[in-house]
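Data block below; observations after.
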Amino acid sequence: MGYIKDPENQYNLCDSQGRIAFVVYPLGYDSNVLISKSGWRYTSKTSLRMSDEELMRFKKNRDLYYEEELNKQMELFDD
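Okay, structure coming up:
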């Protein structure tokens, strides 16, 4: 399965410890591919394709964060 890996648009979903769990590749309107970087911790599949809404639900249900969210939290604790 070949995906266009555009480093400009890809982003990471991390666990609460800051470890990268998934790399997300937006494919277009309401279409994303998640590539697992965490083994079987969150899913038995190595890649998942989902809509924006499914992605947000997946992120919330598995307590995942955008890297930017974690960076902002770290800045708050550093102050």
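In my numbering, the protein residues as written are 1341 to 1419. Ideal Cβ placement from N, Cα and C applies to all residues, glycine included. Quantities reported herein were computed from a predicted structural model and do not represent experimental measurements.
- Shown here, ARG1359 sits in coil according to DSSP, grouped into three states, outside any helix or strand.
- TYR1365 counts as buried, since no fewer than 16 other beta carbons sit within 10 angstroms of its beta carbon.
- Less than 7 Å separates the beta-carbon of TYR1382 from that of ARG1402.
- Between the C-alpha atoms of GLU1394 and SER1378 there is a straight-line separation of about 19 Å.
- If you compare the alpha carbons of VAL1363, GLY1368, ARG1359 with that of ASP1392, the shortest gap goes to GLY1368.
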